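Following full-length UniProt numbering, the numbering of the sequence shown begins with 1 at its first residue and continues without gaps. Ideal Cβ placement from N, Cα and C applies to all residues, glycine included. Since this is a predicted model, take the numbers as computed values, not measurements. This report refers to the structure that appears directly beneath it.
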Amino acid sequence: MPSPNLPTSLLLNGREFSYDSIQQTPNPHLDLNGYEAKVLELLRQWLTGAHEFGLRTSGSTGQPQLITLKRRQLVASARRTGDYFDLGPGDRALVCLNCDFIGGKMMLVRGLERDMRLTVVEPHADPFDFVPAEAEFDFAAFVPLQMRAVLAAGRVSRLNKMRAILVGGAPVEPSLLAEIQKLKVPVFLTYGMTETASHMALRRLNGPHASPYYHVLPGLHLGQDERGCLTVRGDVTDDKLVVTNDRIELIDKHTFDWLGRVDFVINSGGVKVQAEKVELVLDVALAELGQNRRTFVAGRPDERLGQAVTAYVEGEPLASPLEKRLLGLLTARLGKYELPKAVVYVPTFKATASGKLDRAATLRGTEAPRR
Numbered sequence: 001m002p003s004p005n006l007p008t009s010l011l012l013n014g015r016e017f018s019y020d021s022i023q024q025t026p027n028p029h030l031d032l033n034g035y036e037a038k039v040l041e042l043l044r045q046w047l048t049g050a051h052e053f054g055l056r057t058s059g060s061t062g063q064p065q066l067i068t069l070k071r072r073q074l075v076a077s078a079r080r081t082g083d084y085f086d087l088g089p090g091d092r093a094l095v096c097l098n099c100d101f102i103g104g105k106m107m108l109v110r111g112l113e114r115d116m117r118l119t120v121v122e123p124h125a126d127p128f129d130f131v132p133a134e135a136e137f138d139f140a141a142f143v144p145l146q147m148r149a150v151l152a153a154g155r156v157s158r159l160n161k162m163r164a165i166l167v168g169g170a171p172v173e174p175s176l177l178a179e180i181q182k183l184k185v186p187v188f189l190t191y192g193m194t195e196t197a198s199h200m201a202l203r204r205l206n207g208p209h210a211s212p213y214y215h216v217l218p219g220l221h222l223g224q225d226e227r228g229c230l231t232v233r234g235d236v237t238d239d240k241l242v243v244t245n246d247r248i249e250l251i252d253k254h255t256f257d258w259l260g261r262v263d264f265v266i267n268s269g270g271v272k273v274q275a276e277k278v279e280l281v282l283d284v285a286l287a288e289l290g291q292n293r294r295t296f297v298a299g300r301p302d303e304r305l306g307q308a309v310t311a312y313v314e315g316e317p318l319a320s321p322l323e324k325r326l327l328g329l330l331t332a333r334l335g336k337y338e339l340p341k342a343v344v345y346v347p348t349f350k351a352t353a354s355g356k357l358d359r360a361a362t363l364r365g366t367e368a369p370r371r
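Given below as structure tokens:
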């Protein structure tokens, strides 16, 4: 007999589903849309004790892959996050990430493992549009697009009632980082992947404890391979060594600085340029010019250089005077070999199924660069 203080149901798109009914096969709730059916099936598998779960990687750096994680890996991840944020019975969690992917799935698992009260909504830019105005939450996770939309809608007071907020799945642009500084609630940027059962390290973005570095959660072991890329081993990896393509600087055994993807290194005239470093400078320069646009930097084939550093900017081309100011800022802040040789404007960047920027698909659709 469950404790009367523990939740026996959850809210999904505004409807209440008891855990008892979710476990039934076939599920008695027939009037479901596709997303609701997927969420309830995942919950049914968990509640009935499934030991393995198939998950798709996001596909942001290559083709999505189907991998299998064991229940004990997901439990270990949920326990570590729950302990870190002191989440427990009766705490209220907003689940608004796509549950087709590890971030959303783990929000559900954390809620079930820690006996939290779950409010699940289909992914939307501003999930608060789909929950009652009086609803309050202790814990939530957003992608940057959602965080930007929630802040733009003036929901600071609702966010500040939470104990902690996670942001992940894509980089946090400088303009969004500036907005996050206005929040009192602790906001953490996550680092992790499907293979590590969601995040395995956190970086505080605001407040007096804000940091430029990621701090690994207790009990996980970091290392580097010969390329300088992060390796991790622990219960969330089923004690197998996971080798990433993320170049890092290992500050100590618990702390690291993320430098960028090794597969995003541009070899331009024999000089290796880290694309993410140039992207950060580009983002800051555009923000200073009042242009909050998505960008990325990649190497474009070039007969002389092999690869030419190229900036890709979403939206209509900047007016010529504004583009000259942008290039002036980049020239002052980047090294000779880091400076983009061209700017390519793309009306709309392509996205993966999980909503992340799909660089490869975007690059395939671009025309000759503007010089």
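Alpha carbon to alpha carbon, what distance is there between residue j and residue i?
i	j	result
leucine 145	glutamate 314	15 Å
valine 281	threonine 295	11 Å
serine 18	valine 150	29 Å
threonine 61	glutamate 276	Low per-residue confidence applies at threonine 61: pLDDT is 48, beneath 50, and the placement is therefore not dependable, though the value from the model is reported in the following sentence. Each residue's Cα considered, the two are about 13 Å apart.
arginine 71	proline 132	33 Å
arginine 247	glycine 168	18 Å
valine 278	leucine 339	8 Å
proline 369	glutamine 274	In this prediction, proline 369 has a pLDDT of 47, which is less than 50 and means its spatial position is unreliable; nothing more can be read from the coordinates.
leucine 97	valine 143	7 Å
asparagine 292	glutamine 45	42 Å
glutamine 73	arginine 233	12 Å
residue 453	asparagine 267	Nothing can be reported for residue 453: it is not among the residues displayed for the chain, which extend from 1 to 371.
methionine 106	arginine 114	12 Å
aspartate 129	proline 123	11 Å
methionine 269	leucine 250	For clarity, residue 269 is glycine in the given sequence; the question names methionine instead. Rounded to the nearest angstrom, the two C-alpha atoms are 28 Å apart.
asparagine 33	threonine 25	17 Å
leucine 166	glutamate 303	44 Å
valine 346	threonine 194	29 Å
leucine 322	glutamate 316	12 Å
leucine 10	aspartate 235	28 Å
alanine 140	aspartate 239	28 Å
leucine 176	valine 262	25 Å
alanine 298	arginine 227	20 Å
Residue i and residue j look like a contact to me (Cβ under 8 Å); what is the Cβ gap, rounded to whole Å?
i	j	result
aspartate 257	proline 218	With 8 Å as the limit, aspartate 257 and proline 218 do not qualify as a contact, their Cβ atoms being about 20 Å apart.
threonine 362	lysine 341	Their Cβ separation, rounded to whole angstroms, is 18 Å, which puts threonine 362 and lysine 341 out of contact at 8 Å.
aspartate 110	threonine 68	The sequence given here has arginine at residue 110, not aspartate. With 8 Å as the limit, arginine 110 and threonine 68 do not qualify as a contact, their Cβ atoms being about 20 Å apart.
threonine 48	glutamine 23	6 Å
leucine 42	leucine 108	7 Å
glutamate 186	arginine 203	Looking at the sequence shown, residue 186 is not glutamate but proline. 11 Å between Cβ atoms; not a contact.
valine 95	valine 120	4 Å
alanine 93	leucine 118	6 Å
aspartate 138	aspartate 91	4 Å
lysine 161	glutamate 136	5 Å
Residue i by DSSP, collapsed to three states: which one?
i	result
threonine 61	Per-residue confidence for threonine 61 stands at a pLDDT of 48, beneath the threshold of 50, marking its modelled position as unreliable; the derived number appears in the next sentence. Coil, per DSSP.
methionine 116	coil
tyrosine 19	helix
leucine 97	coil
leucine 329	helix
glycine 103	helix
glycine 365	coil
aspartate 91	coil
glutamate 271	Contrary to the premise, residue 271 reads as valine rather than glutamate in this sequence. Looking at valine 271 - three-state DSSP - the assignment turns out to be strand.
valine 243	strand
phenylalanine 137	coil
leucine 334	coil
leucine 74	helix
serine 211	coil
proline 2	Its pLDDT being 47, under 50, proline 2 is placed unreliably by the model, and the measurement read from it follows with that caveat. Three-state result, proline 2: coil.
alanine 287	helix
alanine 351	strand
leucine 183	coil
leucine 357	strand
Going by DSSP, what residue range makes up the beta strand (DSSP E) through residue i?
i	result
alanine 308	306-314
leucine 230	229-233
valine 167	164-167
glutamine 45	Glutamine 45 -> not in any beta strand (DSSP E); alpha helix (DSSP H) instead, spanning 34-47.
asparagine 267	265-268
glycine 223	221-224
tyrosine 214	214-216
Across which residues does DSSP place residue i in a beta bridge pair?
i	result
asparagine 13	None, per the DSSP bridge assignment.
tyrosine 345	Val313
aspartate 257	Glu249
phenylalanine 53	Leu69
phenylalanine 188	Leu166 and Arg204
aspartate 302	Gly306
threonine 237	Answer is none; threonine 237 lacks a bridge partner.
phenylalanine 296	Tyr312
Following the continuous alpha helix (DSSP H) through residue i, name the residue where it begins and the one where it ends.
i	result
valine 150	144-152
valine 156	156-160
leucine 6	From DSSP, leucine 6 is part of no alpha helix (DSSP H); its letter is neither H nor E.
glutamate 179	174-180
Does any residue of chain C bring its CB to less than 8 Å from the CB of residue i?
i	result
leucine 230	Of the chains in the structure shown, none is chain C; there is only one protein chain.
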